[in-house]
Amino acid sequence: MIFYVILRGLDTIEDDTELDNDIKIPLLRSFKSVLDKDDWTFDGVSEKEHDRIVLVEFDTVLTEFHKLKPEYQKIIANITHKMGNGMADYISKESQKNYEGVETIAAYDLYCHHVAGIVGEGLTQLAVLSGFGEPILDKNPQLYNSMGLFLQKTNIIRDFREDLDDGRSFWPKEVWSKYADSLVDFTKPENEKKALHCVSDLAVLSLQHVEDCIEYLENINEPSLFSFCAIPQVMSIATLELVFNNKDIFYRNIKIRRGLAAKLILESGNIAGVYRIFKDYTRKIHLRNRPDDPNFLRIEIICGKIEKFIDEHDPTSALNVAKASRATKRKNEPSEFAIFVAAAAILSVTCGTMVLIAYLNGARFDLVFADGLKMVNHLLFNGPMPSSAHENVVPAVTATVASVVESVIPHSDL
Amino acid sequence: MSTQPLSIPAKKVLLVGGCGFLGLHLIDQFWNLSPRPEIHVFDIRELPKVSPNFYKFNPSQINVHIGDLTSPTDVSEVISRISPEVIVHSASPVHGMGSAIYYKVNVDGTKNLIACAKKLKVPALVYTSSAGVLFNGDDLYNADETHPFPAKSMDAYNLTKQIAEELVLKADSPEFRTTAIRPAGIFGPGDRQMIPALRAMGQKGQHKIQLGNNLNLFDVTYVGNVAYSHVLAAQKILDPKEADKVGGECFLITNDAPIYFWSLGRAVWNYDGLVAERTFVIPRSVGIAIGYVSEFFSSLLGKEPGLTPFRVRTTCAVRYYNITKAKTVLGYAPQTSLEEGINLTCASMDESLEKK
């Protein structure tokens, strides 16, 4: 908690666009040394910043910080140092080019690593040290890095408009330049389609972290730490689903509804809930994916990959889902027999109506019956073929659907 | 394709069924080896003309032997003449034939090949089975090689593939090593079924119809990847250090990218610029009902029904596999992505259309 508050302070300094870089950068770089003091406070950030209070009353934070075990203090100080420097690097390097976002996907990853991945590193070290997390978490940096990157990248997509209005952006040019000449173009309604294609391209970059995030969560064995880590992740996949193919992000700030957030918090208390939520939202993204999007297939493949990963990691759940879905099908969907009866009923009613209409219109059924007899004669006893074979009875829709399925399933090995 | 130059400890390979859809890609993959082995093909037909844009091999350097797989004389004759270190058996009739033909080629042909190869002391046999041997219409979630065969196979094709696979694997011994590859849903240049059928649907405007909820994942495999996995299997089975891990084993092969059933079609239709503004979704239950109606009318008219309740269930089933075994034992990883594979397939179709 103290760790979070300290980083909040750091973040508040970084986020304040009104603070002069000459003050900001040295402050970020030397933030680690602040932690050695007992009475440091700072009131130089803008009143607009929500978490200004953290810095104004930072002395209370420091008092609490010094009560922690020295090894915990060391980890926190170390991470604070790394993050402060990372932020400072970014600001000094990129401040001129901010309107264009970051240059490459690699730079995008690096920025997200500085602002979110390193926090994960610190938290993970603390978790492993305290025995709340399995040692594998610490040994595999990709896992904790992905935890941070997934959150950060998704927020970067969501906050497009807010950031742009603040005169900055974090979207990588390597991606957005495929869809527009400048980021501002995305806010013009005539470019809506291109803008959404860019979002789905960015969504792929977010979704590629999902498997790591789930694996990370699988290795936390303390319930409150689990929730602490899982809640932002489930919020993030829900947010990604919300922004995906949603033109609103170019015009205003959108967030998931409070009710939904509450529901996600309640459901994400254990790994089974996390599996369920991730599978659910992955499927929602797949169902909202549009075939005319140039990233269509990439999104479909990555969604399929995540679903497969979840099934693979939770085989009992996959089997249960299969069984449950069959069971609910039996409950919710009519049984096969009922479908058969319904089909037969619809068929006879349709035929009856047709015959009735035909009769009312003066059809000569006496002749038809005679014809029918000849037909039976032909079929059974190889008699002469009647002149008018009534072959057009199959309703058009049946024919179309039949041929669809025929071509899709060439018998066995599709 | 980014295949790094592989090598296998064989001077001569015999590709049975090498003129078929997969067979031509097998030739291509063995052609890529360095050093390149002598490539022999045994088939009932001549090598068809292939486009150099999609196949690298030089047809004049491929030795084709025409013969009947079910004939002990034909098969013995070619094996004793060549004495290959490994035989790759991918001969199988195309789909939609009668069950007698499947029995004849898949079961009798394979039996004959095993007997001849054993007698003539061929060291190894790689057999092309099918992932379909596990499928009978029920959902398959992430099924691996431990998944049992269904009590009742889906059709004669899959049943005979299963019987043949069992024959091949049972024949494994230290003197005669055997292995089986089970690819799921092969597609690629030369494909006459999956992608061509989907494109034909699009041309008829049927891309606007979707049966089921499209939440069912299924696996497909680019033909080049399937052929590549055969080369890996041949390489491992001929390596004395690896042979025990591969001999008598089967390996599922996919593109390791399961896709939602209708999304593959949409990707293909996209290639042709066909995007349905609105898709007409027929729920599974309605589809089954239409299936019954269709079956009823078809029986009245004495025709094969196009849509049956069974087919609807198959279309809506989950069907994807776990290929961990192939990754760890064979060192397999798909070399061509799904997207590249689809583009290559469509481009090769367009090319052959232009020729006509």
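So the protein sequences, as listed, match chains F and Y. Position in the first sequence (first residue = 1) + 4 = the numbering used here. Position in the second sequence (first residue = 1) + 261 = the numbering used here. Even glycine gets a Cβ: it sits at the ideal position worked out from N, Cα and C. Bear in mind that the values here come from a model prediction, so they are computed numbers and not experimental data.
Looking at C-alpha atoms only, which residue of the options is the closest neighbour of residue i?
i                 : options                                : result
Ile95 of chain F  : F:Ile80, F:Ile79, F:Lys73, F:Val119    : F:Val119
Asn293 of chain Y : Y:Lys502, Y:Glu600, Y:Tyr489           : Y:Tyr489
Gly451 of chain Y : Y:Leu276, Y:Val339, Y:Ser613           : Y:Ser613
Ala111 of chain F : F:Asp318, F:Phe7, F:Phe174             : F:Phe174
Leu141 of chain F : F:Glu125, F:Leu155, F:Gly152           : F:Glu125
Asp304 of chain Y : Y:Leu287, Y:Gly328, Y:Phe318, Y:Ile470 : Y:Gly328
Ile543 of chain Y : Y:Ile470, Y:Ser390, Y:Met462           : Y:Ile470
Glu307 of chain Y : Y:Glu299, Y:Ser332, Y:Gly281           : Y:Gly281
Ile520 of chain Y : Y:Asp399, Y:Asn373, Y:Ala578, Y:Ala494 : Y:Ala578
His70 of chain F  : F:Val132, F:Asp296, F:Lys259, F:Phe7   : F:Phe7
Arg165 of chain F : F:Ala199, F:Asp185, F:Leu221           : F:Ala199
Glu346 of chain Y : Y:Phe437, Y:Pro296, Y:His408, Y:Thr389 : Y:Phe437
Asp480 of chain Y : Y:Leu599, Y:His350, Y:Asp289           : Y:Leu599
Asn195 of chain F : F:Lys251, F:Gly105, F:Leu66, F:Pro74   : F:Lys251
Gly508 of chain Y : Y:Asn516, Y:Ala518, Y:Asp517, Y:Lys497 : Y:Lys497
Thr440 of chain Y : Y:Ser351, Y:Asn373, Y:Ser332, Y:Tyr483 : Y:Ser351
Asp505 of chain Y : Y:Gly485, Y:Ser434, Y:Val492           : Y:Ser434
Identify the continuous alpha helix (DSSP H) that holds residue i and give its terminal residues.
i                 : result
Pro333 of chain Y : 333–343
Val38 of chain F  : 35–38
Ala131 of chain F : 122–133
Ala594 of chain Y : Looking at the DSSP string, Ala594 of chain Y is not in any alpha helix (DSSP H), and its letter there is neither H nor E.
Tyr553 of chain Y : 545–562
Val573 of chain Y : 570–576
His468 of chain Y : That residue, His468 of chain Y, is in no alpha helix (DSSP H); it is neither H nor E in DSSP.
Arg3 of chain F   : Look at the range of chain F in this structure, 5 to 418, and you will see that residue 3 of chain F is not part of it.
Arg527 of chain Y : 522–532
Arg580 of chain Y : Segment 580–582 is the beta strand (DSSP E) holding Arg580 of chain Y; no alpha helix (DSSP H) there.
Trp292 of chain Y : 282–292
Helix, strand or coil for residue i, going by three-state DSSP, please let me know.
i                 : result
His213 of chain F : coil
Glu245 of chain F : helix
Gly137 of chain F : strand
Arg172 of chain F : coil
Glu538 of chain Y : coil
Asn373 of chain Y : helix
Val49 of chain F  : coil
Asn293 of chain F : coil
Ala385 of chain Y : strand
Tyr255 of chain F : coil
Val481 of chain Y : coil
Arg262 of chain F : helix
Asp304 of chain Y : strand
Ile348 of chain Y : strand
Phe448 of chain Y : strand
Leu72 of chain F  : coil
Val311 of chain Y : coil
Lys327 of chain F : Reliability fails at Lys327 of chain F, whose pLDDT of 45 lies under 50, so the model's placement of it is uncertain and the value that follows must be treated cautiously. It is helical.
Val106 of chain F : strand
Glu600 of chain Y : helix
Could you pull the start and end residues of the beta strand (DSSP E) that residue i belongs to?
i                 : result
Ile327 of chain Y : 324–327
Cys511 of chain Y : 510–514
Pro444 of chain Y : 438–444
Lys273 of chain Y : 273–277
Asn403 of chain Y : 401–404
How should residue i be labelled, buried or exposed, when 16 other C-beta atoms within 10 angstroms of its C-beta is the threshold for buried?
i                 : result
Asp3 of chain F   : The structure shown does not extend to residue 3 of chain F, since chain F spans only 5 to 418, so no value can be given for it.
Val397 of chain F : Low confidence applies to Val397 of chain F: its pLDDT is 38, below 50, so where it sits in the model is not reliable enough to give any reading.
Gln222 of chain Y : Residue 222 of chain Y cannot be examined here, being either before or after the span of chain Y that is shown, 262 to 617.
Glu615 of chain Y : exposed
Gln322 of chain Y : exposed
Leu270 of chain F : exposed
Arg580 of chain Y : buried
Tyr340 of chain Y : Checking the sequence shown, residue 340 of chain Y turns out to be Ile, not Tyr. When all chains shown are included, Ile340 of chain Y counts as buried.
Glu245 of chain F : buried
Pro227 of chain F : exposed
Leu14 of chain F  : buried
Pro501 of chain Y : exposed
Gly592 of chain Y : exposed
Does the segment 356–365 of chain Y come within contact of the segment 410–424 of chain Y, defined as at least 3 CB pairs closer than 8 Å?
yes
Say whether the segment 270–278 of chain Y touches the segment 395–415 of chain Y, bearing in mind that this needs 3 or more beta-carbon pairs closer than 8 Å, one atom from each stretch.
no
With contact counted as at least three CB pairs below 8 Å, one residue from each stretch, are the segment 580–600 of chain Y and the segment 508–517 of chain Y in contact?
yes
Cβ contact check for the segment 455–472 of chain Y and the segment 392–410 of chain Y: 3 or more pairs under 8 Å
no
Give a yes or no on contact between the segment 121–137 of chain F and the segment 60–67 of chain F, applying the rule of three or more CB pairs nearer than 8 Å.
no
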